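Numbering (this note's numbering), first residue to last: 24 to 267. Okay, structure first, notes after.
As C-alpha cells, this is what we get:
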C-alpha cells in the first residue's frame with residue numbers, strides 16, 4: 024500500500040511575486056493537504072491474477088460505496104504499477120487540485136515521473152500546465168518523505184492497536200481479509216481526519232526543515248490510547264478500545 028502527503032506553502036516565483044501552490048509529497052496511501060487528509064485512502068491490494076474476480080470485485084465495490092473514503096484496486100505484487108499510479112492521480116489528486124497550481128514531490132521511480140502525463144491532466148483555465156514535478160534524490164527519502172518521517176508511524180500504530188485489541192485477542196481472531204483491511208483503513212482515515220490531528224500532520228514539515236516553526240501536537244496514543252484507558256468501559260461493560 025502507498026501513501027501521499029500534501030500541504031500548502033508560499034513559493035517565490037520570478038523573484039518577487041508570491042503564489043500559492045499545493046505541495047504534494049507521495050509515498051503510501053494517505054493524502055494530506057494543509058494538515059488535513061484528502062477525502063479518500065488509496066488501497067492497492069495483492070492479487071495473483073492482477074485483478075479482483077467478479078464476486079470479490081462486487082463485494083469491494085459495495086464496501087467502497089458504503090464507507091465512501093476508500094478507493095480500492097489491486098496488482099499482482101500489491102504495489103502500484105504505472106497504470107495504477109495514473110488511476111491514483113485521477114481518483115485522489117485530480118479531485119483535490121483540479122486546475123490549481125501545485126508542486127508534486129515524487130520518489131525516484133519511472134512509473135511516477137511521467138511529466139507528459141501530468142501536463143496533459145493538470146491544466147489551468149488558459150490550458151497551461153498547473154503541475155510542477157520534483158523528484159526526491161536517491162537515499163534522501165528518510166529526510167524529506169514526510170509520511171515516512173512521522174505521519175505513517177501513527178497510521179501503523181493505529182493499525183497495530185486494532186490487531187492487538189482485547190476483543191480480537193480474546194476471540195483469537197486474525198484481521199487478515201481484504202474486507203478487514205478496507206474497514207480498518209476507512210476507520211483510521213476517518214479518525215485521523217479530525218482537526219485535532221492537524222498539528223501532528225504538519226509536524227513533518229518542521230522535521231523536514233520545510234518550515235522553521237515547530238507545531239506542538241498530541242499523537243494517536245495521547246488522544247485515543249492514554250494509559251488510563253484500561254480503566255474505561257463502554258456501554259457493553261467491556262474495556263473501551265479508544266477514549267471517547
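Heads up, the beta-carbon is just placed ideally off N, CA and C, and yes, glycines get one too. Treat the numbers as computed from the prediction; the structure is a model and nothing was measured.
Query - Candidates 220, 248 and 227: closest to residue 184 by CA position - result: 248
Query raised in the report: I think residue 158 touches residue 131, with their Cβ atoms under 8 Å apart; what is that distance to the nearest whole Å?
Result: 6 Å
Requested in this report: Quick one: give me the first and last residue of the beta strand (DSSP E) that residue 95 is part of.
Outcome: 93-98
Query - Where the alpha helix (DSSP H) through residue 167 begins and ends - result: 164-167
Requested in this report: Count the other CB atoms, across all protein chains shown, that sit within 10 Å of the CB of residue 150; report buried if there are 16 or more and exposed otherwise.
Outcome: exposed
Query - Where residue 25 falls: helix, strand or coil (DSSP) - result: Bear in mind that a pLDDT of 39 at residue 25, under 50, signals an unreliable position, so the number given afterwards is only what the model happens to contain. Of the three classes helix, strand and coil, the one that applies to residue 25 here is coil, per DSSP.
Report task. Tell me residue 68's beta-bridge partners as DSSP assigns them. Result -> 97
Report task. Give a yes or no on whether 9 Å exceeds the smallest Cβ distance from residue 106 to chain D. Result -> Among the chains in the structure shown there is no chain D, since it carries only a single protein chain.
Query raised in the report: For residue 83 versus residue 205, is the C-beta distance shorter than 9 Å?
Result: yes
Requested in this report: Return the residue from the list 113, 226 and 216 that minimises the CA-CA distance to residue 144.
Outcome: 113
Requested in this report: Name the two residues that bound the continuous alpha helix (DSSP H) containing residue 181.
Outcome: 175-186
Query raised in the report: Candidates 156, 125 and 124: which alpha carbon is nearest residue 139's?
Result: 156
**Report entry** Residue from 231, 227 and 215 with nearest C-alpha to residue 244
**Finding:** 215
Requested in this report: Would you be able to state if there are at least three C-beta pairs under 8 Å between the segment 165-181 and the segment 210-230?
Outcome: yes
Query raised in the report: In terms of residue numbering, what span does the alpha helix (DSSP H) encompassing residue 197 cover?
Result: Counting along the chain, residue 197 falls outside any alpha helix (DSSP H), and DSSP gives it neither H nor E.
Report task. Return the residue from the list 68, 91 and 78 that minimises the CA-CA distance to residue 104. Result -> 68
**Report entry** Proximal residues to residue 165 (C-beta, below 7 Å), its chain only, five neighbours per side dropped
**Finding:** 171
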